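Asks: The structure's right below; bear with me while I get my questions together.
Residue numbers (our numbering): 1119 to 1167.
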């Protein structure tokens, strides 16, 4: 269910961040959501609806 709602996206991001940047602080879930929103607004993708 978490995959369908997008909740697991942060968990995947956090795990990848820790692998690639083990000494850097991990952004909070809220900070991650802000970053993703800004990215999606700057790089819109085609949608069917």
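Idealized CB from N, CA, C, for every residue including glycine.
Predicted, not measured: the structure shown is a model, and the values here were computed from it.
How long is the line joining the alpha carbons of residue 1102 and residue 1144, rounded to whole angstroms?
Replies: Past the edges of the chain, shown from 1119 to 1167, lies residue 1102, and the structure says nothing about it.
Asks: In whole angstroms, what is the alpha-carbon distance linking residue 1119 and residue 1138?
Replies: The sequence position of residue 1119 within the chain shown is 1, counting from 1. The sequence position of residue 1138 within the chain shown is 20, counting from 1. Straight-line Cα distance between these residues: approximately 27 Å.
Asks: Can you check whether the CB of residue 1154 is closer than 9 Å to the CB of residue 1127?
Replies: For the purposes of this step, residue 1127 is taken as residue 9 along the chain shown, with counting starting at 1. For the purposes of this step, residue 1154 is taken as residue 36 along the chain shown, with counting starting at 1. Going by C-beta atoms, residue 1127 is nearer than 9 Å to residue 1154.
Asks: Report the option in 1121, 1131 and 1122 whose CA atom is closest to the CA atom of residue 1149.
Replies: Residue 1149 sits at position 31 when you count from the first residue of the chain shown. The shortest C-alpha separation from residue 1149 is found at 1131.
Asks: Could you tell me the alpha carbon to alpha carbon distance between residue 1161 and residue 1147, rounded to whole angstroms?
Replies: Along the chain shown, one-based indexing puts residue 1161 at 43. Along the chain shown, one-based indexing puts residue 1147 at 29. Distance between the alpha carbons of residue 1161 and residue 1147: 21 Å.
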